[in-house]
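The first sequence begins at 363 in the numbering used here and counts up by one.
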Amino acid sequence: MCGRFTQISSGREVHAVMGLDGPEVDLRPRYNIAPSQNAAVVRNDAGGRQLSMLRWGLIPTWAKKPDIGNRLINARAETAAEKPSFRAAFSQRRCIVPADGFYEWRRECAVRQPWYVTTRGGEPMAFAGLWEHWRVPEVAGLQGSLADCQPNDIVETFTILTTGANGAMQSIHHRMPVILSPEAIRPWLAGEEVELGSAAEDLLMMHRVSRHMNNPRHDGPECIVALEAP
DNA sequence: CCAGACGTTGTT
DNA sequence: GTCTGG
DNA sequence: CCAGACGTTGTT
DNA sequence: GTCTGG
């Protein structure tokens, strides 16, 4: 699956790799993006291919309360086109989530050991994602990072598609995010049919990291530093 | 007809 | 155990 | 995903 | 909103 990830590359790098239109945007490097936080996503709009900050955890339009978004941080690529929560977004509201790496946990002895997964070449990845919009109800009273929302505000949210793990990833976990090839970015955003299987076998590398990053408040470069071999 | 769910993950 | 917050 | 809370009362 | 279960 994918429950944490990083966005470290600069706005300039993301602009180039994702083929964005419009001006370059400044991005703060993020080493530990957790569900419910905002992250940069790429979408097509009237002005072309644009970067926006959306909340991670898809809230369907019909939801009366936003808490379902806490659980819809991933969507299975095998079924997202049919599921009521994702179907509309799958056909109408696709996005790319640029990422430099992601975390997976593996049970090792008694502990859940986090690993950091990134590309061998260091190039950013393009996760396949879906986005949705949700209208804050009249009787809101929302908590947490949505507490500042007013009734009828529109909250934009996203989810990351997952697929079966392949290659070295299988030794860590049985699911992984859908990583689009550079050629698949345009057709995915255009709503065309795209192969949503696993990435190339040799695309990724991975290492253990400190459980420091378990705490979502920790968001510095120390999160991705490799542990000494055990 | 209305009521209630609508999802993924991991773990058992 | 389960939910909320990050 | 993990971390941390999970409650009531009375008093300020 | 739309589908399933009763």
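C-beta: ideal position from N, C-alpha, C; glycine also.
- Task: For residue 471, count neighbouring C-beta atoms within 10 Å of its own C-beta (all shown protein chains included) and say buried if the count is 16 or more, exposed if not.
- Result: Here the question's residue 471 lines up with position 109 in the first sequence. Exposed is the label assigned to residue 471, since fewer than 16 other Cβ atoms lie within 10 Å of its Cβ.
- Look at the Cβ atom of residue 463, then the Cβ atom of residue 480, and state whether they are nearer than 7 Å. Residue 463 sits at position 101 when you count from the first residue of the first sequence. Residue 480 sits at position 118 when you count from the first residue of the first sequence. Yes. Within cutoff.
- Where do the N-terminal and C-terminal ends of the beta strand (DSSP E) with residue 414 fall, by residue? Sequence index remark: in the first sequence, residue 414 carries index 52 (1-based). Residue range 410 to 418 is occupied by the beta strand (DSSP E) that includes residue 414.
- Task: Starting from the C-beta of residue 461, find all residues in its chain whose C-beta is less than 7 Å away, skip the five residues before and the five after it, and write them out in chain order.
- Result: Residue numbering aside, residue 461 sits at position 99 when the first sequence is read from its first letter. Contacts found: 367, 368, 369, 486, 487 and 489.
- Distance between residue 576 and residue 484 (C-alpha atoms, nearest Å): The residue you call residue 484 lines up with position 122 of the first sequence. The residue you call residue 576 lines up with position 214 of the first sequence. So the alpha carbons of these two residues sit roughly 23 Å apart.
- Task: Indicate whether residue 391 and residue 435 have their beta-carbon atoms separated by less than 7 Å.
- Result: Taking the first sequence and counting its residues from 1, one reaches residue 391 at position 29. Taking the first sequence and counting its residues from 1, one reaches residue 435 at position 73. Cβ atoms of residue 391 and residue 435: not closer than 7 Å.
- Identified DSSP bridge partners for residue 496: Position 134 of the first sequence, counted from the start, is the residue given in the question as residue 496. According to DSSP, residue 496 bridges with 517.
- Message: Looking only at its chain, what residues have a beta carbon closer than 6 Å to the beta carbon of residue 561, apart from the 5 residues adjacent to it on each side?
- Response: Translated into positions along the first sequence, residue 561 becomes position 199. If you ignore the 5 residues before and after residue 561, its C-beta comes within less than 6 Å of the C-beta of 541, all in its own chain and listed in chain order.
- Candidates 376, 449 and 548, of which the one nearest residue 402 by Cα: To locate residue 402, count along the first sequence from 1; it is residue 40. Proximity to residue 402 across 376, 449 and 548 peaks at 376, based on C-alpha coordinates.
- Coil, strand or helix - residue 457 by DSSP: Counting from one through the first sequence, the residue named residue 457 turns up at place 95. Looking at residue 457 - three-state DSSP - the assignment turns out to be strand.
- Task: Work out the CA separation of residue 517 and residue 416 for me, nearest whole Å.
- Result: In the first sequence, residue 416 corresponds to position 54, counting from 1. In the first sequence, residue 517 corresponds to position 155, counting from 1. So the alpha carbons of these two residues sit roughly 8 Å apart.
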